[in-house]
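Residues 2 to 202, numbered by this note's numbering, are exactly what the sequence shown covers, in order.
Before any comments, here is the structure.
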Amino acid sequence: MRDASQALIVIDVQNDFCPGGALAVEGGDEIVQRINTLMAEFPAVVLTQDWHPAGHSSFASQHEGMAPLEMIEMPYGPQVLWPDHCIQGSRGAAFHEGLHADRAEVIIRKGFRREIDSYSAFFENDHETPTGLEGYLRSRGISRVTMVGLATDFCVNFSAVDAARLGFEVTVLEEACRGIDLDGSLEAARKGMAEAGVTLA
Ligand code: VGL
Ligand code: ZN
């Protein structure tokens, strides 16, 4: 067991990001058993869950003439448009059946405000509206976080960079992550994480 300063943060291991899901990440389900093993090694486990209302503003379906994976300018900055996914209470939003989700002590839901997306476990995409995870971790005395899950280049990347900026010691275990890789986004994410001081293992 790792020491009490450490937490495992499992990002968005949900049906919609696994093969057959609405926003499937290639091999997304391959990481589930590895994550289960890791969960047993950490004294604290946090899960995040992408949790959108129907008609969320990040869905291409809400923007006339736009298709999934196209970019749009939102009041808070550029935003990729996605297929409808992870709708609150749907099967697609549920955790992968094989994931030992019962092991988690807290589940951070994100993306629940219609008008703003939230990739990071710490802040919405305006980079300032907090989810509360920072306070949760600090009040438990956690200063070191290991991140795994989906997708490497979006939610894992944004979460890891934010955690590093907030002063946490951050490791991303790439073997327990899978990426979307949109126009080189995976390489850009690796570079951005390394620059932010994240350890890629
Ligand atoms: C994610 C796109 C949209 C993710 C969530 O979990 O990486 N990506 N919503
Ligand atoms: Zn989403």
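Using N, Cα and C, we set each Cβ at its ideal position, and we do this for glycine too.
Does the ligand VGL have even one heavy atom less than 8 Å from the beta-carbon of Ala152? yes
Comparing C-alpha positions only, which one of Val81, Met72, Phe113 and His97 sits nearest to Leu151? His97
For His86, verify whether its CB is less than 8 Å away from any heavy atom of the ligand ZN. yes
Classify Thr172 as buried or exposed, calling it buried when 16 or more other Cβ atoms lie within 10 Å of its own Cβ. buried
Mind checking Gly93: buried by the 16 CB within 10 Å criterion, or exposed? That one is buried.
So, using beta-carbon positions, are Thr132 and Ile117 closer together than 9 Å? no
Nearest residue (CA-CA) to Ala25, options Ala202, Gly168, Phe123 and Pro84: The closest CA to that of Ala25, considering only Ala202, Gly168, Phe123 and Pro84, is found on Pro84.
beta-carbon Asp127 near the ligand ATP non-hydrogen atom, thresh 8 Å: Among the ligands present in this structure, namely the ligand VGL and the ligand ZN, the ligand ATP is not found.
Going by the CB atoms, is the gap between Arg35 and Glu176 shorter than 9 Å? yes
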